[in-house]
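Residue numbering for the sequence shown follows the numbering used here, beginning at 1 and increasing consecutively.
No residue lacks a Cβ here, since even glycine has one placed at the ideal position from N, Cα and C.
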Amino acid sequence: MGLVATATATRGTPTRGSASTQPISPVRTRRSWVWIAGAAALILVGGLLNVVLFTSVGHPHEVFAVTHNIPRGTTLTADDLTSLALASGQNSPAISTASLSEVIGKVATVDLLKGSLVTPATIAATQQIPTGRALVGLSLKSSQLPAEPLVAGNHVEIVPIATDTTGEVSVTTSTISGVVSDTSVDQQSDTTIVDVYVSQTVAADLTSRAAAGSVAIYLTGADG
Numbered sequence: 001m002g003l004v005a006t007a008t009a010t011r012g013t014p015t016r017g018s019a020s021t022q023p024i025s026p027v028r029t030r031r032s033w034v035w036i037a038g039a040a041a042l043i044l045v046g047g048l049l050n051v052v053l054f055t056s057v058g059h060p061h062e063v064f065a066v067t068h069n070i071p072r073g074t075t076l077t078a079d080d081l082t083s084l085a086l087a088s089g090q091n092s093p094a095i096s097t098a099s100l101s102e103v104i105g106k107v108a109t110v111d112l113l114k115g116s117l118v119t120p121a122t123i124a125a126t127q128q129i130p131t132g133r134a135l136v137g138l139s140l141k142s143s144q145l146p147a148e149p150l151v152a153g154n155h156v157e158i159v160p161i162a163t164d165t166t167g168e169v170s171v172t173t174s175t176i177s178g179v180v181s182d183t184s185v186d187q188q189s190d191t192t193i194v195d196v197y198v199s200q201t202v203a204a205d206l207t208s209r210a211a212a213g214s215v216a217i218y219l220t221g222a223d224g
């Protein structure tokens with residue numbers, strides 16, 4: 001009786017390692033599609049920023065500058081111009097080299113020093129005459145000019161010269177004030193052409209005297 005009970009008890013008691021075990025499934029982590037979309041957007045934005053930086057740093061803005069001193073009133077040609085690279089983002093009114101037609105053939109409205117940038121304010125389609133002034137051209141021999149070469153901006157006094165029938169020269173003490181706009185040399189006639197701004201009230205008389213060669217010119221300070 002005791003042996004049967006013992007045997008029964010023994011058979012009913014599970015032994016270590018004999019119990020059946022269930023396989024453990026691996027835990028799966030799920031990534032939200034929102035995070036994936038956000039990461040993709042960040043990558044896209046970063047790529048666009050790289051493109052913008054490359055464009056701004058790698059491609060500077062080319063503008064026009066002048067190769068030498070240019071007096072106002074001069075018509076610009078290709079030989080007067082060069083290009084200058086400005087850093088992207090640098091604010092400047094200078095005209096882009098892509099706009100060549102906006103510069104060639106235009107007239108300098110101010111004196112341009114070598115290396116100066118060409119801007120819409122420094123050029124015009126035609127020469128601009130100040131209000132109340134006239135531009136008169138004087139063709140002068142060396143004896144009618146100072147030895148020092150005249151340049152744009154010089155203040156001068158123009159002296160009318162009259163000759164009578166005997167060839168006597170009379171010089172008036174009344175002079176005409178003017179400002180040189182431009183000068184050039186006529187090699188064939190060995191004369192210097194001086195363009196001068198004068199008052200409109202004396203322009204007609206001065207033009208007549210200049211055509212007859214009956215004027216001389218001397219250089220003064222800015223205050224006369």
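* State the Cα-Cα distance for the pair Ala210 and Gly115, rounded to the nearest angstrom. => 36 angstroms
* C-beta atoms of Gly178 and Val156 nearer than 8 angstroms -> It is a contact, given that the beta carbons lie within the stated cut-off.
* Beta-carbon separation of Val107 and Thr75 under 8 angstroms? -> yes
* Nearest-angstrom Cα distance between Leu84 and Ser99? -> Approximately 14 angstroms, taken between the alpha carbons.
* **For Met199, the first and last residue of its enclosing beta strand (DSSP E)** => For the record, residue 199 in the displayed sequence is Ser; it is not Met. Counting along the chain, the beta strand (DSSP E) containing Ser199 begins and ends at 191-199.
* Validate contact between the region 186-193 and the region 109-125 using beta carbons, cut 8 angstroms, 3 pairs -> Short answer: they don't touch.
* **Extent of the continuous beta strand (DSSP E) to which Val118 belongs** => Note, Val118: premise wrong, no beta strand (DSSP E); not H, not E.
* beta strand (DSSP E) containing Glu62: first to last residue? -> Counting along the chain, the beta strand (DSSP E) containing Glu62 begins and ends at 61-66.
* Drop a sphere of 10 angstroms on the beta-carbon of Ser174, count the other beta-carbons inside from all chains shown, and report buried for 16 or more, exposed for fewer. => exposed
* Three-state class that DSSP yields for Val110 in the structure shown -> coil
* Asked: Is it true that the CB of Ala65 sits closer than 8 angstroms to the CB of Thr225?
  -> What the structure shows of the chain is the stretch from 1 to 224, and residue 225 is not part of that stretch, so it cannot be assessed.
* **Distance between Asp79 and Gln200 (C-alpha atoms, nearest Å)** => Cα to Cα, Gln200 sits roughly 34 angstroms from Asp79.
* To do: Report the rounded CA-to-CA distance for Val118 versus His68, giving the unit in angstroms.
  => 12 angstroms
* To do: Take the Cβ of Leu140 as the centre, count every other Cβ of all protein chains shown within 10 Å, and call the residue buried at 16 or more, exposed below.
  => Answer is buried; the Cβ neighbour count reaches 16.
* Hey, Val198 and Ile176 are a contact pair by Cβ (cut 8 angstroms); roughly how many whole angstroms apart? -> With a beta-carbon spacing of about 6 angstroms, Val198 and Ile176 fall inside the 8 angstroms limit used to define contacts.
* Report yes if the C-beta distance between Leu86 and Pro120 is below 8 angstroms; otherwise report no. => no
* Do you know how far the Cα of Ile70 is from the Cα of Gln144? -> 25 angstroms
* To do: Can you have a look at Ala147 and say buried or exposed, based on whether 16 or more other CB atoms are within 10 angstroms of its CB?
  => exposed
* Could you check which residue in Glu62, Ile123, Thr220, Asp205 has the C-alpha nearest to that of Gly137? => Asp205
* To do: Indicate whether Thr63 and Ser88 have their beta-carbon atoms separated by less than 8 angstroms.
  => For the record, residue 63 in the displayed sequence is Val; it is not Thr. Result no, Cβ atoms of Val63 and Ser88 do not sit closer than 8 angstroms.
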